[in-house]
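Protein chains in written order, with the numbering used here: chain F, 40 to 376; chain Y, 29 to 568; chain C, 8 to 290; chain H, 64 to 364. All residues carry an ideal CB built from backbone N, CA and C; glycine is no exception. See below for the structure under consideration.
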């Protein structure tokens with residue numbers, strides 16, 4: 040048995056602790072909220088009787104620790120309960136909103152990697168050159184721009200004025216319901232259903248938000264790529280490789296790049312994780328029925344069932360990606376074997 | 029370098045180009061046989077007519093589950109037959125007998141009878157959601173409803189009243205309410221869930237697709253995305269003109285405007301003043317405004333020593349530039365009105381008398397001085413973070429500052445605001461209220477009447493209670509007015525109450541809400557009233 | 008044989024290397040001139056004397072912030088001073104090559120040893136996979152690695168220092184160059200294996216008749232190992248002499264160095280300490 | 064001229080004569096390195112300008128940020144109203160100018176709250192290791208794995224809206240990365256000989272952490288904070304955008320942006336200008352922080 044297995048076991052344990060803490064934090068934060076979920080169900084003008092009835096139904100009359108206990112028990116059995124502010128099972132809601140976010144996040148991260156890695160490499164190799172400065176500046180710009188603002192401006196320009204891209208939402212009306220949700224990701228479903236129009240429409244709707252989100256992850260990725268690259272390029276073995284008669288780019292690809300790969304993957308995983316959390320504001324601006332908005336409106340409706348389920352998922356994503364990059368590290372770096 | 033950047037740009041353009049081909053079909057208008065409406069569906073959580081507690085759901089459900097009787101589309105104070113083709117009242121006024129039409133059918137084609145109706149009304153009372161108030165406030169009760177509402181045969185519904193309420197009041201307040209829709213009893217009972225001895229009367233089953241007598245039926249509902257209605261071809265009237273009604277969740281005014289201008293939608297229902305003004309200028313679009321029976325108002329917590337003073341509250345009424353707001357921020361959104369009974373409702377004061385206030389800082393100062401606060405005071409002011417609420421709030425805040433009242437604004441999510449309101453947890457509160465029916469009673473019975481002002485009474489459904497304000501005389505006046513069977517006399521009593529409330533009430537009503545709906549010209553005969561938006565007549 | 012052979016491999020005249028740092032200009036190599044034939048030339052100096060930078064300058068691998076100037080930088084027919092990066096690709100590894108100080112750092116940690124050596128084989132030889140492997144094996148044997156097949160598939164962190172340095176030698180001699188620069192090839196190794204590595208190096212160099220520039224701080228070592236010795240101090244060559252005649256060195260710095268070396272069986276209890284003379288700087 | 068050169072000589076002297084001399088020189092070299100990075104300079108200049116604007120707001124702004132006038136609402140930019148007016152007829156230029164105060168206030172407060180917490184947690188965890196480390200880092204992970212805006216949102220919703228609460232909430236989301244950094248630093252420092260030396264002299268843990276470890280961590284923490292500043296500003300703006308940040312009528316840029324959004328088609332300037340302001344500020348922080356990093360800890364370069 041490889042010697043990292045026990046290490047992994049230890050990690051899993053600590054993961055469990057983290058998740059529990061995450062949930063506890065959320066739960067009690069939620070109970071601090073001066074927001075009464077009951078109102079979402081019975082309406083603002085409802086009678087006392089109605090209120091008391093539903094209040095009891097939701098088990099809100101039980102003491103906190105009992106509620107939390109019950110909640111954890113349900114989580115164990117993957118029973119997320121009902122989302123009060125949508126009236127659906129949380130599980131169903133998530134099955135709807137999460138694919139929307141995954142789709143957006145994936146397209147974004149592809150853009151982010153596609154531009155970020157080359158930018159970072161170039162910047163590092165031509166360090167101090169104009170190229171470096173420009174790349175760096177573009178990166179920082181990406182860091183600094185408020186996505187929701189870019190979104191608004193983008194909508195005005197590319198949708199309202201130029202009509203290049205689709206508007207808010209995932210599809211134009213006439214395409215809604217044309218394809219059966221299989222994965223819940225329209226780009227894929229439409230292809231599965233062999234509906235090119237739907238695909239193009241979905242594409243035209245996702246391009247703008249994805250580019251904007253992609254831009255910020257690009258900024259992050261390129262920056263990290265650059266500094267990883269610089270670190271490697273300073274190493275002796277790079278000189279040795281040059282001495283052997285390899286050209287600059289041969290050295291970069293065959294040696295430097297292979298050496299930053301692990302760190303790079305970790306960074307990308309992280310960027311992806313952040314995208315998967317759902318970009319609340321971007322989703323709001325683009326009326327994107329995604330995870331981030333679901334979580335936010337759940338929170339602002341005081342609907343802890345929904346919020347906790349979401350937080351749990353986020354936690355799992357993070358932990359999962361951590362483990363993943365850990366395994367990758369062990370797989371890709373011979374020194375850890 | 030340049031190469032890289034150019035590459036990047038090229039790539040983006042390429043995507044955009046790909047997209048262009050993509051959207052080009054979207055430039056074409058919406059489907060001929062469908063009405064496409066953009067709205068904010070955030071609050072929508074059920075289609076069970078017994079549970080629906082928010083505006084949008086109510087708007088939709090009235091096209092899916094029509095009430096027994098309905099408001100006249102031209103004058104809501106008149107009631108027209110609907111499923112009930114006729115009704116009669118016993119001389120003692122304690123029994124109402126309704127005759128239902130013979131041609132009522134569910135979308136399935138199955139006949140709908142008085143027994144379905146009976147079951148449907150019973151369940152509203154039994155389920156006890158907010159809508160049960162439509163019945164309970166008229167003395168109907170869980171334990172007795174089986175006796176109180178009875179189907180004597182396929183076409184006859186008999187209602188036994190506890191008191192001889194004026195029938196006009198009952199018709200508009202109860203029989204025309206959205207919760208008198210006729211659901212399919214058989215299906216409902218078959219799919220009823222009973223957990224720990226509590227019957228849900230098919231609440232879960234009807235939540236997404238109520239099986240009901242109406243022009244349309246709900247065929248799809250993706251939360252916060254879309255609601256799709258299909259025409260009911262077995263409708264007893266001539267079937268709706270358009271086959272489908274598609275309601276898209278678009279929470280942004282700007283986005284809705286763009287969609288409407290591009291013809292991606294036919295109707296936009298969440299628009300702010302400035303987008304509306306722009307759309308109004310657009311020849312392809314016309315903006316339909318309806319004065320609603322609802323208000324935006326300031327509520328004061330009368331428990332507060334300062335705000336408990338009527339003079340202080342009156343002073344606030346002089347801190348709003350009604351005219352200025354009306355012409356600017358409130359254009360398409362509200363009509364200034366200070367009386368608690370909405371214009372257009374039975375027993376309402378006329379426009380002039382209903383809005384005697386104007387921005388008058390000196391008067392406000394004077395009143396404050398009389399009240400003993402010549403140099404003002406500081407209060408917290410909570411308000412919704414949505415739409416124009418914060419704008420209005422800042423307007424009030426600015427004027428208040430001029431007379432020495434320092435208002436500390438706190439905007440919050442609606443759910444948060446409602447919670448604070450319902451738990452008396454505020455000093456000054458800006459919020460809205462919608463009247464359930466076009467009769468003075470609707471507002472007065474909630475905003476003026478307060479049966480029990482004790483905190484533990486928790487009568488949060490009474491804004492008067494929320495403001496911890498009670499006036500026993502008003503309670504009595506309201507009760508007698510409610511029972512008065514001579515319309516002329518009733519009106520007089522209501523006028524008195526309104527005048528009194530305008531001076532002493534715990535609220536400062538700022539404006540009566542207006543519902544703007546922007547519709548593309550292609551759409552014809554889209555009938556809109558304060559209580560009904562009728563999809564069925566709309567055509568293209 | 009105290010003067011260099013007729014056709015020197017490498018002629019360096021007035022070589023300067025400067026480094027631009029935000030603070031100031033650092034003048035690392037200050038007008039160094041020397042020649043190297045098919046012989047073993049040692050460059051001795053303490054750290055910072057610019058000896059390593061001289062080596063790198065010859066390979067044109069001076070870090071980007073460095074500026075190299077020379078009146079003459081002639082390698083056989085090629086004028087390195089004017090050689091383009093392209094030309095250098097043909098020179099590096101194949102004609103001039105360099106053994107670096109510490110195999111731990113000079114080998115790519117994520118690439119198998121064999122692969123790294125194979126990289127040094129010029130592509131234009133158009134060798135098949137198998138042939139390349141054989142060549143590598145042969146080379147590994149040439150540096151006295153007992154079990155080449157095994158070492159071939161090891162990762163750098165899996166080989167010992169001595170083994171690593173032998174791998175490095177193998178790698179750098181793969182394309183058998185004419186001139187080899189050895190930059191402190193043994194100083195990172197433990198004493199026990201040094202001799203071993205040196206023997207291998209010596210043996211290969213002489214057998215293939217390459218020119219060798221042996222950069223070290225270890226005067227004794229150089230004296231025993233090289234034919235000629237250049238003494239560098241603060242970027243200058245302060246003295247050049249035949250290894251055997253080092254004892255007669257005239258320059259005070261050299262003498263100082265010699266004096267500060269412990270000699271077996273010598274009486275004096277404590278070692279002389281170098282005292283420097285600013286005048287040397289413009290020597 | 065000659066003293067200039069002599070000063071320069073003193074500053075760049077190879078051998079420093081006193082600790083003071085040494086630190087001055089270090090500072091001077093830092094400045095030189097910073098000066099070598101044009102982008103960083105730009106960042107610095109913008110920030111200085113911003114501070115000036117904040118201080119001189121009353122002088123710069125033609126009118127008060129809250130002067131309403133229903134008759135002058137939603138006017139496009141003109142020489143009278145450089146950035147136009149908003150939905151209540153307030154001068155957007157004035158509001159943006161005053162807004163700089165809020166933005167700086169928030170970022171400054173968050174920095175001085177988050178940095179010490181992060182340092183304390185990080186160094187303690189790193190120095191003591193073992194259980195302390197595990198526990199603290201778990202907590203750290205918990206906060207770290209929480210999406211910043213959501214966490215802030217939750218706490219603001221719980222604590223009630225308003226700048227102070229926003230600051231607290233954002234600080235809650237800002238300390239974990241710093242703690243991580245500080246911990247990493249500490250781990251390396253702890254291993255170093257001079258710490259061992261101090262320990263042998265019998266210095267108490269707290270003393271070692273405070274006197275010897277914290278100072279070593281400070282540079283990289285400063286860098287991190289500066290770089291995170293952008294994130295902090297964006298989060299603050301995000302809260303404002305959701306209506307839970309600074310409360311009206313305060314001209315907080317994010318809040319302005321969100322109300323501006325409602326008229327974004329009719330009055331582009333309402334959304335465009337505060338957005339630009341946010342962008343510019345966070346960009347400045349990033350540029351500067353980037354340069355600062357080259358200066359303070361070249362390691363990470």
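Query, Result
"Tell me which same chain residues have a C-beta within less than 7 Å of the C-beta of residue 295/F, skipping the five on either side of it?", "268, 271, 272, 277"
"Please classify residue 8/H as buried or exposed, where buried requires at least 16 neighbouring CB atoms within 10 angstroms.", "The question about residue 8/H has no answer, for chain H in this structure spans 64 to 364."
"Among 97/F, 154/F, 185/F, 150/F, which residue has its Cα nearest to the Cα of residue 320/H?", "185/F"
"Closest by CA to residue 9/Y, which one among 75/Y, 167/Y, 82/Y, 315/Y?", "Residue 9/Y falls outside the range modelled here, since chain Y spans only 29 to 568, and no answer is possible."
"Which residue wins for smallest C-alpha separation from residue 82/F, given the options 78/Y, 66/Y, 530/Y, 394/Y?", "78/Y"
"Measuring only the C-alpha atoms, how far is residue 244/C from residue 36/C?", "9 Å"
"Which partner residues does residue 108/Y have in the DSSP bridge list?", "98/Y"
"Between which two residues does the alpha helix (DSSP H) containing residue 549/Y stretch?", "Looking at the DSSP string, residue 549/Y is not in any alpha helix (DSSP H), and its letter there is neither H nor E."
"So with CB distances below 7 Å, who are the chain H contacts of residue 185/F?", "297, 300, 338, 341, 342"
"Establish whether the CB of residue 164/C and some CB of chain F are separated by less than 7 Å.", "yes"
"Between the stretch 103-111 of chain H and the stretch 137-146 of chain H, do at least 3 Cβ pairs fall closer than 8 Å?", "no"
"Of all Cβ atoms in chain H, is any one closer than 7 Å to the Cβ of residue 460/Y?", "no"
"Along the stretch 79-105 of chain C, what residues have a CB closer than 8 Å to any CB found in chain F?", "92, 96, 97, 98, 99, 100, 101, 104, 105"
"Assuming residue 459/Y contacts residue 438/Y (C-beta within less than 8 Å), just tell me the rounded distance between them.", "About 13 Å separates the two Cβ atoms, so there is no contact after all."
"Given that residue 336/F touches chain Y, what residues does it touch there, using C-beta distances under 7 Å?", "70"
"According to DSSP, is residue 410/Y part of a helix, a strand, or is it coil?", "strand"
"Could you check the C-alpha separation between residue 76/H and residue 88/H for me, to the nearest Å?", "8 Å"
"Using a Cβ-Cβ distance under 7 Å, would residue 59/F count as near chain Y?", "no"
"Could you give the DSSP three-state label for residue 322/F: helix, strand or coil?", "helix"
"Pick from 305/Y, 319/Y, 185/Y, 148/Y: whose alpha carbon is nearest that of residue 129/Y?", "185/Y"
"Given residue 280/H, which residues of its chain have a CB within under 8 Å of its CB, disregarding the five upstream and five downstream residues?", "182, 185, 186, 244, 245, 248, 249, 252"
"Which whole-angstrom value is the C-beta distance of residue 315/F and residue 144/F, which I expect to be below 8 Å?", "5 Å"
"Would residue 56/C and residue 184/C qualify as a contact pair, given that the criterion is a beta-carbon distance under 7 Å?", "no"
"On the three-pair Cβ rule with 8 Å, is the stretch 306-319 of chain Y touching the stretch 455-474 of chain Y?", "no"
"If we ignore side chains and look at the alpha-carbon of each, how far apart do residue 301/Y and residue 359/Y end up?", "6 Å"
"Counting Cβ pairs closer than 8 Å, one from the stretch 287-299 of chain H and one from the stretch 155-173 of chain H, do we hit at least three?", "yes"
"So what does DSSP say about residue 91/Y, is it helix, strand or coil?", "coil"
"Leaving out five residues on either side along the sequence, give the residues of the same chain with a beta carbon under 6 Å from the beta carbon of residue 358/F.", "54"
"Taking only the alpha-carbon atoms, compute the straight-line gap between residue 222/F and residue 329/F and give it to the nearest angstrom.", "14 Å"
"What does residue 178/C reach in chain F if we use C-beta pairs closer than 7 Å?", "283"
"Taking Cβ-Cβ distances shorter than 8 Å, what residues in chain H pair up with residue 437/Y?", "310, 311, 312"
"Run the CB neighbour count on residue 49/Y, radius 10 Å, all protein chains shown included, and call it buried at 16 or more, exposed below.", "With a pLDDT of only 38 at residue 49/Y, under the threshold of 50, the placement of this residue in the model should not be trusted; the figure read from the coordinates follows. With fewer than 16 other Cβ atoms within 10 Å, it is exposed."
"Output the distance between the C-alpha atoms of residue 113/F and residue 119/F, rounded to the nearest integer angstrom.", "6 Å"
"Assess, as a yes-or-no matter, whether the stretch 176-183 of chain F is touched by the stretch 209-216 of chain F under the definition of 3 or more beta carbon pairs within less than 8 Å.", "no"
"Grab me the residues of residue 111/Y's own chain with a C-beta within less than 7 Å of its C-beta, minus the 5 sequence neighbours each way, in chain order.", "94, 96, 128, 129, 132, 210, 241"
"I need the straight-line Cα distance from residue 420/Y to residue 327/Y, nearest angstrom please.", "14 Å"
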